[in-house]
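A.B. asks:
2 protein chains.
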Amino acid sequence: MDIHLVAVGTALPGPPVDNSTLVARFGMPSVWTQWIDIFVGTDTRHFARDLATGEVRQSLTDLCETAGRRALAEAGMTGAEIDMIVLGTATPDLLMPSTACLVADRLGIDGVRAYQLQSGCTGALQAFDIAALALRGGRARTALVLGAETSAHHLDLDTDLAGAPPEVQVNAMLFGDGAGAAVLDARPRPGAPVLREVSCELVGAGRAPGQVVPWYGPADEIPDGPPVSEDFKRVEQAALPMAESALTSLLEGLGWKRTEVDYLLPPQLSGRMTDQVTEGLDLTGAQVVSRVTEIGNTANALPFFQLERLLPQLEPGDRAVGLSVEASKWIAASYAIEAPGADWEEI
Amino acid sequence: MDIHLVAVGTALPGPPVDNSTLVARFGMPSVWTQWIDIFVGTDTRHFARDLATGEVRQSLTDLCETAGRRALAEAGMTGAEIDMIVLGTATPDLLMPSTACLVADRLGIDGVRAYQLQSGCTGALQAFDIAALALRGGRARTALVLGAETSAHHLDLDTDLAGAPPEVQVNAMLFGDGAGAAVLDARPRPGAPVLREVSCELVGAGRAPGQVVPWYGPADEIPDGPPVSEDFKRVEQAALPMAESALTSLLEGLGWKRTEVDYLLPPQLSGRMTDQVTEGLDLTGAQVVSRVTEIGNTANALPFFQLERLLPQLEPGDRAVGLSVEASKWIAASYAIEAPGADWEEI
Numbered sequence: 001m002d003i004h005l006v007a008v009g010t011a012l013p014g015p016p017v018d019n020s021t022l023v024a025r026f027g028m029p030s031v032w033t034q035w036i037d038i039f040v041g042t043d044t045r046h047f048a049r050d051l052a053t054g055e056v057r058q059s060l061t062d063l064c065e066t067a068g069r070r071a072l073a074e075a076g077m078t079g080a081e082i083d084m085i086v087l088g089t090a091t092p093d094l095l096m097p098s099t100a101c102l103v104a105d106r107l108g109i110d111g112v113r114a115y116q117l118q119s120g121c122t123g124a125l126q127a128f129d130i131a132a133l134a135l136r137g138g139r140a141r142t143a144l145v146l147g148a149e150t151s152a153h154h155l156d157l158d159t160d161l162a163g164a165p166p167e168v169q170v171n172a173m174l175f176g177d178g179a180g181a182a183v184l185d186a187r188p189r190p191g192a193p194v195l196r197e198v199s200c201e202l203v204g205a206g207r208a209p210g211q212v213v214p215w216y217g218p219a220d221e222i223p224d225g226p227p228v229s230e231d232f233k234r235v236e237q238a239a240l241p242m243a244e245s246a247l248t249s250l251l252e253g254l255g256w257k258r259t260e261v262d263y264l265l266p267p268q269l270s271g272r273m274t275d276q277v278t279e280g281l282d283l284t285g286a287q288v289v290s291r292v293t294e295i296g297n298t299a300n301a302l303p304f305f306q307l308e309r310l311l312p313q314l315e316p317g318d319r320a321v322g323l324s325v326e327a328s329k330w331i332a333a334s335y336a337i338e339a340p341g342a343d344w345e346e347i
Numbered sequence: 348m349d350i351h352l353v354a355v356g357t358a359l360p361g362p363p364v365d366n367s368t369l370v371a372r373f374g375m376p377s378v379w380t381q382w383i384d385i386f387v388g389t390d391t392r393h394f395a396r397d398l399a400t401g402e403v404r405q406s407l408t409d410l411c412e413t414a415g416r417r418a419l420a421e422a423g424m425t426g427a428e429i430d431m432i433v434l435g436t437a438t439p440d441l442l443m444p445s446t447a448c449l450v451a452d453r454l455g456i457d458g459v460r461a462y463q464l465q466s467g468c469t470g471a472l473q474a475f476d477i478a479a480l481a482l483r484g485g486r487a488r489t490a491l492v493l494g495a496e497t498s499a500h501h502l503d504l505d506t507d508l509a510g511a512p513p514e515v516q517v518n519a520m521l522f523g524d525g526a527g528a529a530v531l532d533a534r535p536r537p538g539a540p541v542l543r544e545v546s547c548e549l550v551g552a553g554r555a556p557g558q559v560v561p562w563y564g565p566a567d568e569i570p571d572g573p574p575v576s577e578d579f580k581r582v583e584q585a586a587l588p589m590a591e592s593a594l595t596s597l598l599e600g601l602g603w604k605r606t607e608v609d610y611l612l613p614p615q616l617s618g619r620m621t622d623q624v625t626e627g628l629d630l631t632g633a634q635v636v637s638r639v640t641e642i643g644n645t646a647n648a649l650p651f652f653q654l655e656r657l658l659p660q661l662e663p664g665d666r667a668v669g670l671s672v673e674a675s676k677w678i679a680a681s682y683a684i685e686a687p688g689a690d691w692e693e694i
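Quick mapping for you: the protein sequence lines, in order, are chains L and D.
Residue numbers for the first sequence, in my numbering: 1 to 347.
Residue numbers for the second sequence, in my numbering: 348 to 694.
1. State buried or exposed for residue 580 (chain D), treating a residue as buried only when at least 16 other CB atoms are found within 10 Å of its CB.
2. What does residue 333 (chain D) touch in chain L if you count any residue whose Cβ is under 9 Å from its own?
3. Can you tell me the Cβ-Cβ gap for residue 240 (chain L) and residue 321 (chain L), rounded? I've got them flagged as a contact below 8 Å.
4. Are the C-beta atoms of residue 393 (chain D) and some chain L residue less than 7 Å apart?
5. Return the CA-CA distance between residue 431 (chain D) and residue 401 (chain D), expressed in angstroms with no decimal places.
6. With 16 other CB atoms within 10 Å as the buried threshold, where does residue 450 (chain D) fall?
7. Leaving aside the five residues before and after residue 258 (chain L) along the sequence, list all residues of the same chain whose C-beta is less than 7 Å from its C-beta, in chain order.
8. Could you tell me which of L:336, L:306, L:217, L:275 sits nearest to residue 442 (chain D), measuring between CA atoms?
9. Can you tell me whether DSSP reads residue 489 (chain D) as helix, strand or coil?
10. If you follow the beta strand (DSSP E) that residue 436 (chain D) is part of, which residue opens it and which one closes it?
11. Looking at residue 468 (chain D): is its Cβ nearer than 7 Å to the Cβ of residue 646 (chain D)?
12. Indicate the three-state DSSP secondary structure (helix, strand or coil) for residue 245 (chain L) in the structure shown.
13. Let's test the definition: count the other Cβ atoms within 10 Å of the Cβ of residue 79 (chain L) and tell me whether it reaches 16, buried, or not, exposed.
14. Thinking just about the alpha-carbon of each residue, which of L:326, L:291, L:308, L:212 is nearest to the one in residue 10 (chain L)?
15. If we ignore side chains and look at the alpha-carbon of each, how far apart do residue 345 (chain L) and residue 189 (chain L) end up?
16. When you check each C-beta in the segment 466 to 496 of chain D against every C-beta of chain L, which residues fall closer than 8 Å?
17. Use the C-beta contact count for residue 221 (chain L): other C-beta atoms within 10 angstroms, 16 or more gives buried, fewer gives exposed.
18. Excluding sequence positions up to five away, which residues of its chain have a Cβ less than 6 Å from the Cβ of residue 551 (chain D)?
19. Taking the alpha carbon of residue 193 (chain L) as the reference point, which residue from L:28, L:40, L:314 has its own alpha carbon closest?
20. Label residue 663 (chain D) either buried or exposed according to how many other C-beta atoms from any shown protein chain fall within 10 Å of its C-beta, with 16 as the threshold for buried.
21. Using the Cα positions of residue 706 (chain D) and residue 583 (chain D), report the straight-line distance between them to the nearest angstrom.
22. For residue 639 (chain D) and residue 392 (chain D), what's the separation of their Cα atoms in angstroms?
23. In terms of residue numbering, what span does the beta strand (DSSP E) encompassing residue 538 (chain D) cover?
24. Would you list the one or two residues that DSSP bridges to residue 114 (chain L)?
25. For residue 115 (chain L) and residue 548 (chain D), I'd like the C-alpha separation in whole angstroms.
26. Could you work out which residues of chain D lie near residue 92 (chain L), taking near to mean beta carbons separated by less than 9 Å?
27. Among L:243, L:179, L:177, L:248, which has the Cα closest to the Cα of residue 275 (chain L)?
28. Apply the 10 Å Cβ neighbour rule to residue 209 (chain L) and answer buried if 16 or more other Cβ atoms are within range, or exposed otherwise.
29. By the DSSP assignment, the beta strand (DSSP E) with residue 688 (chain D) in it spans what residues?
The following block contains the structure:
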């Protein structure tokens, strides 16, 4: 059975924030602006929290609603036609209810599976995987898949970033907020791009986490200083081999040659790391679809921003592969999209 | 394809805490002990946090490891034989890495899907559903499904419970900590109980959440007082109709008559609410398997505590149904287990 990717929608909060604005806001030396240009390679990003007032502009639910509404409109469908909703996020608005359930209500989706994956960068692909399992199993005909992040709980505007260790400073420049949604349809949709495969594989055996993000409840005290910790160096070292291994498995499973890949949707860790990965992958014939310089690492929202760029470019017969690397406990993920060519047989 | 439920394991932290201990610990009037007996109907529960010292005894990861290890041992399997791990929880240790990934590493599970559902009471059934989708789709042969809760982030021992509103006081008596795990196997296992069906349905359209649980990050301040809010009255009113509706759909889908159900694994909201649900369901021929008086509402861990009681009692041909009701944004869930009889044809 073909699973069609019929529409994608995205949402970004507030205006783009450039490096000099960010550097000024956190009282960093102005030389940092060039430092970020050279060593991070991300120009702008968006935040769900207003940097001047501290006010939360949009919740994760808000962003997901907008992205979901856009994807549904693009698909020419209503929420009532959606058979399941699956969201991947590392930053839910609440622990309960899940954001997936709240978004479902806003979009008129009810009486169906509403699942939310707690994960970092690979959560959106996990959501695609679960939707694909349900569609292939005949348990649903349509699905709304979402991935989204907001840093509102984490972006502490009172942090002394100038006095923080480098890995904390780098983190503040890497990430951005946003949401994305895609409509999948397992019914005949001649010509629509097909989600050929999704794979999410834990590869964390014996490896210390590369990113640790705690949360706090009423029995806790929030410690001073930024507690989101990421081992940037180890992530940088691991990204290419993990992406390479995920790509190799994906292509082998599909029987695709490297020269047959027309588009590459790479991990978007930072502008610099994304370049390292795309240059290292031996996919020289593939056009790279990356949004990292404009929106930073939007984690679970990222694949949708790439897909909305990809879909209008796809010609019949085109093949695209997407790769995602999660540093938390190390998950390597991949997926493949194919635009039906003239000889395509709908199954 | 038959999905076999080959083994179950559970874990409880610390000693059982009875009502008089809890009442004394929180400085409530001693008449509360009888009040809980009559109106809540839960005798004891276990906590991952030491009530005397405030020390966290066991993390969610610790409890899941123990439960998972017991389930694997009972199944005569090692982690290396597990093709996927799925955890449902409302109280992860961290936002990242997921507890599912950390438990996988401890149990020797690697190179496979490791998913974690963020949800309340129905998260374990969501995990069963996703595992079943992957097994039926031939994407895995075996799965370790987990459900677990710890209240360590929420159980604020400095709370003035005596001065809190009744719904907050009740919440403190309802919940308990624990973890459970089950091994599913889609390979031939003659005679092993079969997971016939799982269903998790969002029924929250237009309804305000019945339970709200926030979390906090470094950009937040934790407000004074217990912030976990549950509308106990609305949950009490909704539990029976939601359970009844989930049961009706489940039995219709399976073609089972009510008189053919041998065991009922009811929602375990409180001793009193569980009685109301079991008495209202018109399943008079079914034996009720409930653990609520000993362990309270352990949310996502609950189904495993019921299953470990059920499995040794099952005779060939026996049929059991489990029901779960989540108040957050209102999810009704159900599942069915059948022990193969003499005329069973393995598929």
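All C-beta atoms, glycine included, are put in the ideal place defined by N, C-alpha and C.
Computed from a predicted structure; not experimentally measured.
C.D. replies: This is what the structure gives:
1. exposed
2. In the structure as shown, chain D starts at 348 and stops at 694, and residue 333 (chain D) therefore has no counterpart that could be examined.
3. 15 Å between Cβ atoms; not a contact.
4. no
5. For the pair residue 431 (chain D) and residue 401 (chain D), the Cα-to-Cα distance works out to about 35 Å.
6. buried
7. Contacts found: 251, 282, 283.
8. L:217
9. Residue 489 (chain D) falls in the strand class under three-state DSSP.
10. 431 to 436
11. yes
12. helix
13. Under this definition residue 79 (chain L) is a buried residue.
14. L:308
15. 12 Å
16. 466, 467, 473, 476, 477, 480, 481, 483, 484, 486
17. exposed
18. 676, 677
19. Considering only alpha carbons, the answer is L:314.
20. exposed
21. No answer is possible for residue 706 (chain D): it lies beyond the span of chain D, which begins at 348 and ends at 694.
22. 9 Å
23. Where residue 538 (chain D) is concerned, there is no enclosing beta strand (DSSP E), given that its DSSP letter is neither H nor E.
24. L:85
25. 10 Å
26. 442, 465, 562
27. L:243
28. buried
29. No beta strand (DSSP E) holds residue 688 (chain D); DSSP gives it neither H nor E.
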